[in-house]
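Student:
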Amino acid sequence: MNIPIARLFVLVVVLFAILIAFTSRWTVFEADALRDNELNRRDELQALQIRRGRIRAGDGALLARSVKEGSFYSRRYPDDARLFSHALGYSYARLGQAGIERSRNDELTGKEDDLTTVVDQLLGRRDEGHNLQTTLDPDGQRTALQQLGGRKGAVVALDPRSGAVRVMASTPGYDPNELRDPGRFSALNRDEDAPLLNRATQATYPPGSTMKVVTAMAAIDSGRFSPGSTVDGSTGQRFSGVPLSNFGGQDFGPVDLTLALTKSVNTAWANVAKTLGASTIQRYMDRLGFGADPPMDYPDA
89 MNIPIARLFV
99 LVVVLFAILI
109 AFTSRWTVFE
119 ADALRDNELN
129 RRDELQALQI
139 RRGRIRAGDG
149 ALLARSVKEG
159 SFYSRRYPDD
169 ARLFSHALGY
179 SYARLGQAGI
189 ERSRNDELTG
199 KEDDLTTVVD
209 QLLGRRDEGH
219 NLQTTLDPDG
229 QRTALQQLGG
239 RKGAVVALDP
249 RSGAVRVMAS
259 TPGYDPNELR
269 DPGRFSALNR
279 DEDAPLLNRA
289 TQATYPPGST
299 MKVVTAMAAI
309 DSGRFSPGST
319 VDGSTGQRFS
329 GVPLSNFGGQ
339 DFGPVDLTLA
349 LTKSVNTAWA
359 NVAKTLGAST
369 IQRYMDRLGF
379 GADPPMDYPD
389 A
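When we follow this note's numbering, the leftmost residue of the sequence shown carries the number 89, and every step to the right adds one.
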């Protein structure tokens with residue numbers, strides 16, 4: 089073979105191999121990074137061509153739907169959606185998603201797996217998301233928001249039999265429809281009251297009297313105490329050098345565990361916890377799932 093031709097052949101083979109390597113790198117190994125790059129708007133444009141599924145409350149009330157405007161779809165939220173602004177969240181091309189709109193984005197956009205997507209494209213099927221039925225209760229949500237009275241805070245109510253989330257209220261709130269205005273979203277982000285923050289899932293609060301139930305379970309299950317065991321419920325005691333009083337300064341004196349739990353006596357349960365020791369309390373906290381994600385279906389953001 090002519091030497092120049094052989095060299096040219098080798099060069100072409102090498103260049104072709106480099107082309108294959110870089111193509112494989114971009115389409116296979118770095119595909120996720122390219123797709124998630126904030127400069128890549130391809131997924132956003134594709135999402136706008138999909139009719140997202142509807143979202144309904146537990147009683148069937150419509151909370152979110154998509155309407156077509158020209159070649160693209162946009163999200164619309166009825167008046168009742170403001171009740172569930174944090175749990176429901178929002179979905180807009182410029183802003184992305186939050187709440188249920190984010191945690192259930194794959195279902196709402198009809199995204200199954202890559203093979204299903206390819207088959208749908210070959211068959212010419214229209215991209216359409218799946219509808220979503222939640223367990224949220226509008227009446228319960230209204231009651232929770234009324235009781236919060238505009239104060240910063242959150243209320244969550246669960247069905248103890250199934251674990252279904254009936255209420256997830258957070259104040260202050262916002263109207264998801266208003267977020268179509270870029271200026272409104274920026275204003276809410278700058279608001280010192282943080283109305284976009286879901287205080288039910290994104291804020292942190294001390295467990296408070298919840299720990300009395302944990303302590304009671306540890307006390308009785310460990311065999312160290314019984315419901316009739318008596319402890320000191322006097323107010324104004326010191327624990328680890330820190331003074332502790334009962335609510336309203338009530339002084340119960342000697343009190344059994346049943347009454348101590350009924351009246352939520354701070355000092356009585358502090359004495360029980362001190363007797364049990366930190367390691368025992370921690371062991372029961374671990375068994376009850378403290379520090380772990382609860383096995384529930386709810387928006388984490």
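Every residue gets a Cβ at the ideal spot worked out from N, C-alpha and C, and that includes glycine.
Quick check on Thr292: does DSSP put it in helix, strand or coil?
Tutor: Looking at Thr292 - three-state DSSP - the assignment turns out to be coil, as it is neither helix nor strand.
Student: Which one of Arg142, Gly146, Asp147 and Gly148 has the shortest CA to CA distance from Ser154?
Tutor: Checked all of Arg142, Gly146, Asp147 and Gly148; the closest Cα to Ser154 is Arg142.
Student: Out of Pro315, Ser367 and Phe335, state which residue places its alpha-carbon closest to the alpha-carbon of Ser322.
Tutor: Out of Pro315, Ser367 and Phe335, Phe335 has the C-alpha closest to the C-alpha of Ser322.
Student: What number of angstroms, rounded off, separates the C-alpha of Gly271 from the C-alpha of Ser328?
Tutor: Approximately 51 Å between the Cα atoms of the pair.
Student: Output needed for Leu364: all residues of its chain with C-beta closer than 8 Å, excluding positions within five of it in sequence on either side, in chain order.
Tutor: Answer for Leu364: Thr303, Ala306, Ala307, Ser310 and Arg312, listed in chain order.
Student: Inspect the beta-carbon positions of Ala232 and Val255 and report whether they are closer than 8 Å.
Tutor: A contact, by the Cβ cut-off of 8 Å.
Student: Quick check on Ser274: buried or exposed, where buried means 16 or more other Cβ atoms within 10 Å of its Cβ?
Tutor: The residue in question, Ser274, is exposed, as its Cβ has fewer than 16 Cβ neighbours within 10 Å.
Student: May I have the straight-line CA-CA distance separating Gln325 from Asp339, to the nearest angstrom?
Tutor: Rounded to whole angstroms, Gln325 to Asp339 spans 10 Å at the Cα level.
Student: Measuring alpha carbon to alpha carbon, tell me which of Ala245, Lys240 and Thr292 ends up nearest Glu280.
Tutor: Considering only alpha carbons, the answer is Lys240.
Student: Span of the beta strand (DSSP E) holding Lys156?
Tutor: Segment Leu150 to Glu157, the beta strand (DSSP E) holding Lys156.
Student: Looking only at DSSP bridge pairs, what is Ile308 linked to?
Tutor: DSSP lists no partner for Ile308.
Student: DSSP beta-bridge partners for Thr259?
Tutor: DSSP, once it has assigned bridges, lists Gly241 as partnering Thr259.
Student: So Ala288 packs on Pro226, CB below 8 Å; how close in whole Å?
Tutor: About 16 Å separates the two Cβ atoms, so there is no contact after all.
Student: Name the residue from His218, Phe110 and Ala348 whose alpha carbon lies nearest to the alpha carbon of Ser297.
Tutor: Measuring from the Cα of Ser297, the nearest candidate turns out to be Ala348.
Student: Between the alpha carbons of Asn359 and Thr350, how many angstroms are there, rounded?
Tutor: Approximately 16 Å, taken between the alpha carbons.
Student: Quickly, what does DSSP pair Leu246 with across the bridge? List them, please.
Tutor: Looking at the DSSP assignment, Leu246 forms a beta bridge with Val253.
Student: Quick one: is Pro382 buried, meaning 16 or more other Cβ sit within 10 Å of its Cβ, or exposed?
Tutor: With fewer than 16 other Cβ atoms within 10 Å, it is exposed.
Student: Measuring alpha carbon to alpha carbon, tell me which residue in Ala181, Thr223, Arg182 and Met299 is nearest Gln370.
Tutor: Looking at the Cα atoms, Met299 is the closest of the given residues.
Student: From what residue to what residue does the beta strand (DSSP E) around Phe160 run?
Tutor: Here the beta strand (DSSP E) through Phe160 covers Phe160 to Arg164.
Student: Would you kindly work out how many angstroms separate the C-alpha atoms of Gln234 and Phe172, rounded to a whole number?
Tutor: Going by the C-alpha atoms only, they are around 13 Å apart.
Student: Roughly how many whole angstroms lie between the Cα atoms of Gly146 and Ala181?
Tutor: Taking the straight line joining both Cα atoms gives about 27 Å.
Student: Note the first and the last residue of the continuous beta strand (DSSP E) segment covering Arg326.
Tutor: From DSSP, the beta strand (DSSP E) with Arg326 extends over Gln325 to Phe327.
Student: For the alpha helix (DSSP H) that contains Ser179, what are its first and last residues?
Tutor: Taken as a continuous stretch (DSSP letters only), Ser179 belongs to no alpha helix (DSSP H), being part of the beta strand (DSSP E) at Tyr178 to Tyr180.
Student: Look at Leu183 and Gly217 and say whether their C-beta atoms are less than 8 Å apart.
Tutor: Contact: no.
Student: Rounded to whole angstroms, what's the CA-CA distance from Ile138 to Val101? Just pull it up for me.
Tutor: Those two C-alpha atoms are separated by around 43 Å.
Student: Quick one: residues in its chain with C-beta nearer than 8 Å to the C-beta of Asp168, no 5 flanking neighbours on either side, listed in chain order?
Tutor: Ala145, Ala149, Leu150, Leu151 and Pro226, listed in sequence order.
Student: Can you tell me which of the three DSSP states Val102 falls into?
Tutor: Of the three classes helix, strand and coil, the one that applies to Val102 here is helix, per DSSP.
Student: Are Ala361 and Val343 closer than 8 Å when you measure CB to CB?
Tutor: Result no, Cβ atoms of Ala361 and Val343 do not sit closer than 8 Å.
Student: Contact defined as beta carbons within less than 8 Å: I believe Arg164 pairs with Arg140. What is the distance between those atoms, to the nearest angstrom?
Tutor: Not really, about 10 Å apart at Cβ, beyond 8 Å.
Student: Would you mind working out which of Leu136, Ala175, Gly177 and Leu103 sits nearest Ser159, comparing C-alpha positions?
Tutor: The shortest Cα separation from Ser159 among Leu136, Ala175, Gly177 and Leu103 belongs to Leu136.
Student: Excluding sequence positions up to five away, which residues of its chain have a Cβ less than 8 Å from the Cβ of Met373?
Tutor: Result list for Met373: Val302 and Gly379, in chain order.
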